[in-house]
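Enquirer: Residue numbers (the numbering used here): 5 to 530. Glycine is no exception: its CB is placed at the ideal position from the N, C-alpha and C atoms.
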Amino acid sequence: MYLPEIQAEVNAAKKKVLEFKGYNTVSVIDDGEMRDMQNLSSDEYPCLYQRKARGLYSDSYEAPATLLARREMLAVISGRDFYYDGIHIPQIRLSEGKKQLVAINQKICIFPDKKYFDLNDHSFGELGCELAVSESDTVAITNNAIEIKEGNFGGFKDGDAVEISGCTTNEKNNVSAVVTIVGPLRLTFPDDTFEIPEGQTQYVEAGRIKVSRQIPDLDFVMEYGNRLWGCNSKKNTIYSSKLGDPTNWFYFQSTSLDSYTVEVGTDGAFTGCAPYAQHLLFFKEGYIHKVYGNKPANYQIVTAECHALEQGSERSICVVNETVFYKSRLGIMAYAGGVPELISQCFGNTRYRNAVAGTDGTKYYVSMTSGGDDYLFVFDLEKGLWHKEDNTRVVDFAYLAGKLLYINGADNKIYSTAADTPIPEDHGIKWMALLGDYDEYIEEKKVYSKLQMRLKLEADSSIMVNVQFDNSGTWEQVAHIYAEKDRAVYLPIVPRRCEKFKIRIEGKGYCKIESLVREYREGSEI
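What follows is the structure in structure tokens.
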């Protein structure tokens, strides 16, 4: 008697990608992560979607290098020229080299040139001031004043802390003091500031005196608590200006208005600085100096040894929602008050340098170089996902009136990261996503019965799907679709037997990929 033949059924296994997570180049990645991409974003997460179109903000600057948004206006340094709200201020002529713009109350200060621009009356000037008496002038000194017959003390103001030098008749009068009253030919100080011969009310100083309101040389500058703060690597020193006054950095009168100066004990050059919540951060590559306190009398410094800001990446610092993001030698870090945390593990072993970053409050944009090439990455702060956009080299960012602006180093134009009117290059934006390898973590051969993609194409867009089997190096085109109008597409793909495969999806125009499903059966070992 024959028994009924047993029919063996092998149900196909099914894997679904319903969540496209972002960029990742480590050895083993999750389903939905991409080893390479171009012009993608997290805007339609969990779907795969393209970045917003960029817009041209201005092409009227010859060589823009530094941006600052203040009072809903844009300040720009282009070459040696300064512009505010698109207007050239010809009286401000800057030196060559990299600049920093920092705003405090009604002034925009320019370093290392130590100049300022007043936002109220559009005046300008030097932060510091110096008057050296000429050889033909006569200097009379009383116990509380200096009088001259030539020159003009008009560059000084009441309350300035000045240094007097060059006195030879009485060298004890080479002092630092605070001016109480400024006149064109007379500076008045507190009583008994100067020493005069007994029995006289004044004397004539034979030396060629110099009166100066000095500004320290600062590598990096920021504003915090209505003070300017900066650091100098050669002197290994942190400085703070007088409260509310960026023109006075050596005002020491034992009051809450005082300036502040402290030398730190760590080795190496300063690499940048940033304000954070209730304290300040001064970076070196291996240290963060944290300044706590709200007035000079209670300022204190705590030093942490950690992966701090990389040399040359001072423009990578952004503060968002009480978190400081910056580029260290290890990668992109997030500092929230404790130990900085690496958030760019997905970059794998690739090392980037010279980072420049900006934020719109929801995303962290960072342009970096590696191997001579430029890359623009975007980190979604809420979703924790990285995406690579393209090879744009950004010189500087600024956030103005709800738009994130940047200088494109390739053409010296200023663009916005999102615009209603896209630039010509973004009409039919080109994009790419590389997914896989898919091997289901099974060493045996597999028979993939089908792949299925669900997607939505916008009008005048196209998509091309290529598959590479078993690292053959050859890409096989399996689908190419063009949409004249908006359409939803179910795309079935029948691959061949293989151990693993990867998919490269390329497109032009906007396309939303909602899912990728693969069905397979296990085969033999050969």
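Under 8 Å, do residue 164 and residue 183 count as touching if we go by C-beta distance?
Expert: Counted from its first residue, the sequence shown places residue 164 at position 160. Counted from its first residue, the sequence shown places residue 183 at position 179. In this structure, residue 183 lies closer than 8 Å to residue 164 by Cβ.
Enquirer: What three-state label does DSSP hand residue 95 in the structure shown?
Expert: Working through the sequence shown from its first residue, we reach residue 95 at position 91. Three-state DSSP puts residue 95 in a strand.
Enquirer: Among 139, 258, 216, 489, which one has its Cα closest to the Cα of residue 191?
Expert: In the sequence shown, the residue the question calls residue 191 occupies position 187. The residue with the shortest Cα to Cα distance from residue 191 is 216.
Enquirer: Rounded to the nearest angstrom, what separates residue 494 and residue 33 at their Cα positions?
Expert: Stepping through the sequence shown from its first residue, residue 494 is reached at position 490. Stepping through the sequence shown from its first residue, residue 33 is reached at position 29. Near 26 Å, if we compare the C-alpha coordinates of residue 33 and residue 494.
Enquirer: Does the Cβ of residue 343 have 16 or more other Cβ atoms within 10 Å, making it buried, or fewer, making it exposed?
Expert: Sequence index remark: in the sequence shown, residue 343 carries index 339 (1-based). The residue is exposed, with fewer than 16 neighbouring Cβ atoms inside 10 Å.
Enquirer: Just grab the DSSP bridge partners of residue 309 for me.
Expert: Taking the sequence shown and counting its residues from 1, one reaches residue 309 at position 305. Note: residue 309 sits in a beta bridge opposite 291.
Enquirer: When DSSP builds the beta bridges, which residues end up paired with residue 412?
Expert: Counting from one through the sequence shown, the residue named residue 412 turns up at place 408. According to DSSP, residue 412 bridges with 398, 417.
Enquirer: If we ignore side chains and look at the alpha-carbon of each, how far apart do residue 311 and residue 289 end up?
Expert: On the sequence shown, position 307 is the one that residue 311 refers to. On the sequence shown, position 285 is the one that residue 289 refers to. Approximately 7 Å, taken between the alpha carbons.
Enquirer: Restricting to Cα atoms, I'd like to know which of 328, 258, 84, 471 is closest to residue 280.
Expert: Taking the first residue of the sequence shown as 1, we reach residue 280 at position 276. When only C-alpha atoms are compared, the closest one is 328.
Enquirer: Roughly how many whole angstroms lie between the Cα atoms of residue 483 and residue 428?
Expert: Mapped onto the sequence shown, residue 483 falls at position 479. Mapped onto the sequence shown, residue 428 falls at position 424. So the alpha carbons of these two residues sit roughly 27 Å apart.
Enquirer: For a quick check, are the C-beta atoms of residue 398 and residue 360 less than 8 Å apart?
Expert: Position 394 of the sequence shown, counting from 1, holds the residue named residue 398. Position 356 of the sequence shown, counting from 1, holds the residue named residue 360. In this structure, residue 360 lies closer than 8 Å to residue 398 by Cβ.
Enquirer: Taking one C-beta from the stretch 431-441 and one from the stretch 33-42 each time, how about it: are there three or more such pairs within less than 8 Å?
Expert: Result yes; three or more Cβ-Cβ pairs closer than 8 Å.
Enquirer: Whole-angstrom Cβ separation of residue 227 and residue 106, contact assumed at under 8 Å?
Expert: Here residue 227 corresponds to residue number 223 of the sequence shown, with the count starting at 1. Here residue 106 corresponds to residue number 102 of the sequence shown, with the count starting at 1. Yes, they are in contact, since the Cβ atoms of residue 227 and residue 106 sit about 5 Å apart, within 8 Å.
Enquirer: Is residue 390 near residue 54, with beta carbons less than 8 Å apart?
Expert: As a working note, residue 390 is residue 386 in the sequence shown. As a working note, residue 54 is residue 50 in the sequence shown. No, Cβ-Cβ distance for residue 390 and residue 54 is not below 8 Å.
Enquirer: Could you tell me the alpha carbon to alpha carbon distance between residue 213 and residue 179, rounded to whole angstroms?
Expert: Along the sequence shown, one-based indexing puts residue 213 at 209. Along the sequence shown, one-based indexing puts residue 179 at 175. For residue 213 and residue 179, the distance between alpha carbons rounds to 11 Å.
Enquirer: Which partner residues does residue 363 have in the DSSP bridge list?
Expert: As a working note, residue 363 is residue 359 in the sequence shown. Per DSSP, 368.
Enquirer: Does the ligand NAD have even one heavy atom less than 7 Å from the beta-carbon of residue 188?
Expert: This structure simply doesn't include the ligand NAD, nor any ligand for that matter.
Enquirer: How would you call residue 257, buried or exposed, if buried means at least 16 neighbouring beta carbons within 10 angstroms?
Expert: For the purposes of this step, residue 257 is identified with residue 253 of the sequence shown, where counting begins at 1. Burial call: exposed.
Enquirer: Threshold first: 3 residues or longer. Then list the beta strand (DSSP E) segments lying entirely within the stretch 230-306, N to C.
Expert: The qualifying runs are 231-236, 241-244, 264-267, 274-280, 283-288, 291-296.
Enquirer: Can you tell me which of 170, 160, 305 puts its alpha carbon nearest to the alpha carbon of residue 187?
Expert: Numbered from 1 along the sequence shown, position 183 holds the residue referred to as residue 187. The option with the nearest alpha carbon to residue 187 is 160.
Enquirer: If you run the structure through DSSP and keep just helix, strand and coil, what is residue 122?
Expert: Position 118 of the sequence shown, counted from the start, is the residue given in the question as residue 122. Strand.
Enquirer: From the DSSP output, in three-state form, read off residue 499 for me.
Expert: By 1-based counting over the sequence shown, the position of residue 499 is 495. Residue state, collapsed to three classes: coil.
Enquirer: Give me the Cα-Cα distance between residue 209 and residue 193, rounded to the nearest whole angstrom.
Expert: The sequence position of residue 209 within the sequence shown is 205, counting from 1. The sequence position of residue 193 within the sequence shown is 189, counting from 1. Those two C-alpha atoms are separated by around 17 Å.
Enquirer: Can you find at least 3 beta carbon pairs, one from the stretch 468-486 and one from the stretch 408-427, that sit closer than 8 Å?
Expert: No, they do not touch.
Enquirer: Residue range of the beta strand (DSSP E) that residue 59 falls in?
Expert: For the purposes of this step, residue 59 is taken as residue 55 along the sequence shown, with counting starting at 1. Note, residue 59: beta strand (DSSP E), 59-62.
Enquirer: Where does residue 177 sit, in a helix, a strand or coil, going by DSSP?
Expert: Translated into the one-based positions of the sequence shown, residue 177 becomes position 173. In the structure shown, residue 177 sits in a helix (DSSP, three-state: H, G or I).
Enquirer: In chain order, what residues of the same chain lie with their CB nearer than 6 Å to the CB of residue 454, ignoring the 5 residues before and after it?
Expert: In the sequence shown, residue 454 corresponds to position 450, counting from 1. Here the set comprises 496, 498, 523.
Enquirer: Which first and last residues belong to the beta strand (DSSP E) in which residue 137 is found?
Expert: The residue given as residue 137 occupies position 133 in the sequence shown. Where residue 137 is concerned, there is no enclosing beta strand (DSSP E), given that its DSSP letter is neither H nor E.
Enquirer: For residue 169 and residue 177, what's the separation of their Cα atoms in angstroms?
Expert: By 1-based counting over the sequence shown, the position of residue 169 is 165. By 1-based counting over the sequence shown, the position of residue 177 is 173. Taking the straight line from one Cα to the other gives about 8 Å.
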